[in-house]
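Respectively, the protein sequence lines represent chains V and W. Once you know that position 81 of the first sequence is 88 in the numbering used here, the rest is easy, because the numbers rise by one and skip nothing. Once you know that position 41 of the second sequence is 63 in the numbering used here, the rest is easy, because the numbers rise by one and skip nothing. First the structure, in the form of structure tokens, and then the observations on it.
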Amino acid sequence: MDWTLAFTNISAPSPCNKSENCTLTVDKELVALTAEMGMNNKIFEMFYNVVGHPPPVNNIGYHEKGELKDFPDHWAGLRRAHALFKGIKRPRNYNGHAEKVHIYVMKPQHIYKYVAHMACSAKRIEAPAKAVFLVYAEFEIENCTHGTILNWEWVPADAEQPDLPDNHAERYDERIW
Amino acid sequence: MEQLTNILSEVFDAKLSSDFVKRAVYYPSMDFVEYVASDTVCVSDRIDEFLTIIRDASQENVIGFKLKGFRYIFETQLKTLPEINDADFLPMVNAIEAILTTIGNVLLECHAPESEKRRKGYEQAKELAMRDNVKLDDFQKIAA
Numbered sequence: 008m009d010w011t012l013a014f015t016n017i018s019a020p021s022p023c024n025k026s027e028n029c030t031l032t033v034d035k036e037l038v039a040l041t042a043e044m045g046m047n048n049k050i051f052e053m054f055y056n057v058v059g060h061p062p063p064v065n066n067i068g069y070h071e072k073g074e075l076k077d078f079p080d081h082w083a084g085l086r087r088a089h090a091l092f093k094g095i096k097r098p099r100n101y102n103g104h105a106e107k108v109h110i111y112v113m114k115p116q117h118i119y120k121y122v123a124h125m126a127c128s129a130k131r132i133e134a135p136a137k138a139v140f141l142v143y144a145e146f147e148i149e150n151c152t153h154g155t156i157l158n159w160e161w162v163p164a165d166a167e168q169p170d171l172p173d174n175h176a177e178r179y180d181e182r183i184w
Numbered sequence: 023m024e025q026l027t028n029i030l031s032e033v034f035d036a037k038l039s040s041d042f043v044k045r046a047v048y049y050p051s052m053d054f055v056e057y058v059a060s061d062t063v064c065v066s067d068r069i070d071e072f073l074t075i076i077r078d079a080s081q082e083n084v085i086g087f088k089l090k091g092f093r094y095i096f097e098t099q100l101k102t103l104p105e106i107n108d109a110d111f112l113p114m115v116n117a118i119e120a121i122l123t124t125i126g127n128v129l130l131e132c133h134a135p136e137s138e139k140r141r142k143g144y145e146q147a148k149e150l151a152m153r154d155n156v157k158l159d160d161f162q163k164i165a166a
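Put into structure tokens, the structure is as follows:
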């Protein structure tokens, strides 16, 4: 697998047209800091929930061997985004670039958790209940063909609309699709 | 983890630490400081435009916090503090208190449920910052 290509051409629905694709690159500094901190679970989220590939660790699938029909699962990562917002309501970078940030919303069924296990260090578990997965991206040009992923995280789901983030109307400027 | 470690090195020039490092870190891409007490699946609960409380996957236990728009906080509230000058690190309690100075009147005067959540969120963040003596190293470069 060409991992450089995998991380510089992450396919996602385009902000301009949900039925078309754009490509995203992951911010290198973010990954470097996350790795430096030893945040294995966040790294696993990048591989599986963002890119759509199970973490490339030895014996991946070891803990799931009783669920062969479901493994390896082809989750598809960011391509499964079902909603997109734009503009986060807070000061960012001290000069108001928050309006450029796009927020992809997904609801993966699974995540891979880091486990200290001799056979395999990644175990697939159910995703956090009552939560959605967000990927933050910035697009520099108006046609939205290519962007950079700035961060990803789980957030509580809205009680009334459980496929969307809690308080999305207060958090973001607008919903794109 | 060797294959994953190699991929991170080759693609991102990143070095995966063999142990979890428990300290506050500034992330320039989205301008926030984050502290997480353990390497686990996290759920980030927005308190307001400045603070997010981080909980474990059950969403019951507070394990961290995120101070957002940190350059704004630093430039407007922190960099003139006498204890910051020539300091090697910035205690996160100072940063949380600086935000409270900004929004404090709103929290004190309003008793709506949202304000109760904000009050509790800041208490939890401050308590964690004090309990774990959370500090931000190399904070001077934030203003650079």
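Using N, Cα and C, we set each Cβ at its ideal position, and we do this for glycine too.
Under a Cβ-count criterion, where at least 16 other Cβ atoms within 10 Å of its own Cβ denotes burial, should Pro172/V be classed as buried or exposed? Its Cβ being crowded by 16 or more others within 10 Å, Pro172/V is buried.
Does Tyr179/V come within less than 8 Å of chain W when only Cβ atoms are used? No, no contact with chain W.
If contact means a Cβ-Cβ distance below 7 Å, which residues of the segment 139 to 161 of chain W contact chain V? Within the segment 139 to 161 of chain W, no residue has a Cβ that lies closer than 7 Å to any Cβ of chain V.
Excluding the 5 residues preceding and the 5 following Val162/V in the sequence, name in chain order all residues of the same chain whose CB lies nearer than 7 Å to its CB. Cβ contact annotation for Val162/V (same chain, cutoff 7 Å, sequence separation greater than five): Ala138, Val139, Leu141, Pro172, Asp173, in chain order.
For Ala58/V, which of helix, strand or coil comes out of DSSP? As written in the sequence, residue 58/V is Val, which differs from the Ala given in the question. The three-state secondary structure of Val58/V, taken from DSSP, is helix.
Do the CB positions of Trp82/V and Pro115/V come within less than 8 Å of each other? Less than 8 Å divides the Cβ of Trp82/V from the Cβ of Pro115/V.
What is the rounded straight-line gap between the Cα of Asn48/V and the Cα of Thr62/W? Between the alpha carbons of Asn48/V and Thr62/W lies a gap of roughly 6 Å.
Taking the Cβ atom as the reference point for each residue, do Lys157/W and Ala46/W lie within a distance shorter than 8 Å? The answer is yes: Cβ separation under 8 Å.
Contact the segment 83 to 90 of chain W vs the segment 54 to 71 of chain W: 3+ CB pairs below 8 Å: As far as the Cβ criterion goes, the segment 83 to 90 of chain W touches the segment 54 to 71 of chain W, which means the pair count is three or higher.
In chain V, which residues lie less than 7 Å from Glu71/W when you measure between Cβ atoms? Close partners of Glu71/W in chain V (Cβ separation under 7 Å): Lys96, Arg97.
Same chain, Cβ closer than 8 Å to Phe54/V, neighbours up to 5 away in sequence not counted: Correct list, in chain order: His60, Pro61, Pro62, Pro63, Tyr119.
With 16 other CB atoms within 10 Å as the buried threshold, where does Asp67/W fall? When all chains shown are included, Asp67/W counts as buried.
Neighbour list for Met23/W in chain V, Cβ cutoff strictly below 7 Å: The contacting residues are Val64, Ser128.
Against Asn28/V, what residues of chain W qualify as contacts under a CB-to-CB distance less than 9 Å, listed in chain order? Result: empty, since nearest Cβ-Cβ is about 21 Å, beyond 9 Å.
Hey, Lys93/V and Glu177/V are a contact pair by Cβ (cut 8 Å); roughly how many whole angstroms apart? Contact flag wrong, Cβ pair sits at about 15 Å.
Listed in chain order, which residues of the segment 24 to 50 of chain W have Cβ atoms closer than 8 Å to some Cβ of chain V? Residues Glu24, Gln25, Leu26, Ile29, Leu30, Glu32, Val33, Phe34, Asp35, Ala36, Lys37, Leu38, Ser39, Ser40, Asp41, Phe42, Val43, Arg45, Val47, Tyr49, Pro50.
Which listed residue (Met125/V, Glu147/V, Cys151/V) has its alpha carbon closest to that of Lys25/V: For the residues Met125/V, Glu147/V, Cys151/V, the minimum Cα distance to Lys25/V belongs to Cys151/V.
Glu147/V to His153/V, Cα distance in whole Å? If I take the Cα positions, the gap works out to 8 Å.
Mind checking Met114/W: buried by the 16 CB within 10 Å criterion, or exposed? That one is buried.
Just to confirm, are Ser51/W and Glu36/V a CB contact at a threshold of 8 Å? Glu36/V is positioned such that its CB atom lies closer than 8 Å to that of Ser51/W.
Using a C-beta to C-beta distance shorter than 9 Å, which residues of chain W count as neighbours of Glu3/V? Residue 3/V cannot be examined here, being either before or after the span of chain V that is shown, 8 to 184.
With distances taken Cα to Cα, identify the nearest neighbour of Ala120/W among Lys139/W, Leu38/W, Ala109/W, Arg93/W. Of the listed residues, the one whose Cα sits closest to Ala120/W is Arg93/W.
So, helix, strand or coil for Leu38/W, using DSSP? Reduced to three states, the DSSP call for Leu38/W is coil.
Rounded C-beta distance between Ala117/W and Ala39/V? I'm assuming under 8 Å. Wrong, their Cβ atoms sit about 23 Å apart, outside the cutoff.
Label His70/V either buried or exposed according to how many other C-beta atoms from any shown protein chain fall within 10 Å of its C-beta, with 16 as the threshold for buried. So His70/V ends up on the buried side.
Pair within 8 Å by beta-carbon distance, Ile95/W and Gly143/W: No, these two residues do not count as a Cβ contact at 8 Å.
Taking the beta carbon of His124/V as the centre, do at least 16 other beta carbons fall within 10 Å, making it buried, or is it exposed? When all chains shown are included, His124/V counts as exposed.
Which chain W residues are close to Lys120/V, counting only those with a beta carbon under 7 Å from its beta carbon? Neighbours of Lys120/V on chain W, chain order: Val63.
Which of helix, strand or coil does DSSP assign to Glu177/V? DSSP places Glu177/V within a helical segment (H, G or I) once states are collapsed to three.
For the segment 96 to 151 of chain W, which segments carrying the beta strand (DSSP E) assignment without a break, of at least 3 residues, lie completely within its bounds, in sequence order? Within the segment 96 to 151 of chain W, the complete beta strand (DSSP E) segments of 3 residues or longer fall at 111 to 113, listed in chain order.
Let's see if you can read the secondary structure: which residues bound the alpha helix (DSSP H) around Trp10/V? Run containing Trp10/V: 10 to 15, per the alpha helix (DSSP H) assignment.
Determine which residues of the segment 84 to 103 of chain W have a Cβ less than 7 Å from any Cβ of chain V, and write them out in chain order. If the cut-off is 7 Å between Cβ atoms, the segment 84 to 103 of chain W has Lys90, Gly91, Arg93, Tyr94, Glu97 near chain V.
What residues of chain V sit near Ser66/W, judged by a beta carbon separation below 8 Å? Taking the beta carbon of Ser66/W as reference, the chain V residues within 8 Å of it are Glu160, Trp161, Val162, listed in sequence order.
Just mark Ala144/V as buried or exposed, buried being the case when its beta carbon has 16 or more other beta carbons within 10 Å. Buried, because 16 or more other Cβ atoms sit within 10 Å of the Cβ of Ala144/V.
Do Ala88/V and Tyr111/V have their beta-carbon atoms positioned less than 8 Å apart in this structure? A contact, by the Cβ cut-off of 8 Å.
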